[in-house]
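Worksheet for the structure shown next.
This is the structure:
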């Protein structure tokens, strides 16, 4: 995930700088066949522009355009109020291969290109929302934590727009899948972070945590050095080899096989 900060410091929203308490994330799709985020950044980073999101998602990059705790001007208002007050707004760019014929309706001039582009921005959005949820301590599966612009409208807190479903449904994507994918990605990130912490803990404290344990190896009780981290005993594979165990490591699958 390639994230760059490019705050729209000349935009009226940034200059107003209203601080908000973040309660959720709203996903938008730009509604035109402009696929480069920088096109929007250039045209929006001016005085007199009264609209602003917190980030733009392209095929290969994500630009953050407002601090997370700044109120954005991205969803208008509905009959009950506006999610601008508490929701981070993120726009996904759309492929050049489509041509809009009316609001929310388009002609696709190259299905394969369109699908590839939309899937790329979808995957970037999954990774970015997982990152935001982790950073802001949000549960993506909790009610109304992650919503689209159109869902915001149906709830009464956004203007009448059809994004992002208008383009996602075209290739079989939906918000329920998105929320689940964000949740699953968060779990992967947490697992990897936990692995890294365990490894760092082992390296940092290995001299203090080495304990001799009796293990049954080749039908004999053997003393072997172990390191206990978070309730798990870790051993060096080289030590097991020295005790006569047959150990193989498959570099492609990253699996270790041990013959006792």
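Residue numbers (my numbering): 106 to 365.
Note that the Cβ used here is the ideal one computed from N, Cα and C, for glycine as well.
Since we're looking at a predicted model, the values are computed, not measured.
Buried or exposed for residue 186, please, with buried defined as at least 16 other CB atoms from any protein chain shown within 10 angstroms of its CB. Under a 10 Å Cβ-count criterion, residue 186 is classified as exposed, with fewer than 16 other Cβ atoms of the shown protein chains found around its own Cβ.
Using alpha carbons as the reference points, say which of 279, 179 and 137 lies closest to residue 69. Only positions 106 to 365 of the chain appear in the structure, and residue 69 is not among them; the question remains open.
For residue 255, which of helix, strand or coil comes out of DSSP? helix
For a test of the three-state rule: what should DSSP assign to residue 173, helix, strand or coil? coil
Close Cβ partners of residue 110 (< 7 Å) along its chain, the five nearest in sequence each way excluded: 169
Let me know the secondary structure DSSP gives residue 146 once reduced to three states. helix
Going by the CB atoms, is the gap between residue 287 and residue 193 shorter than 7 Å? 7 Å or more divides the Cβ of residue 193 from the Cβ of residue 287.
Unbroken alpha helix (DSSP H) run spanning residue 117, endpoints: 117–121
Environment of residue 159 [buried if 16+ CB atoms lie within 10 Å]: buried
Quick one: measure Cβ to Cβ for residue 195 and residue 162, integer angstroms, because I've assumed they're closer than 8 Å. 6 Å
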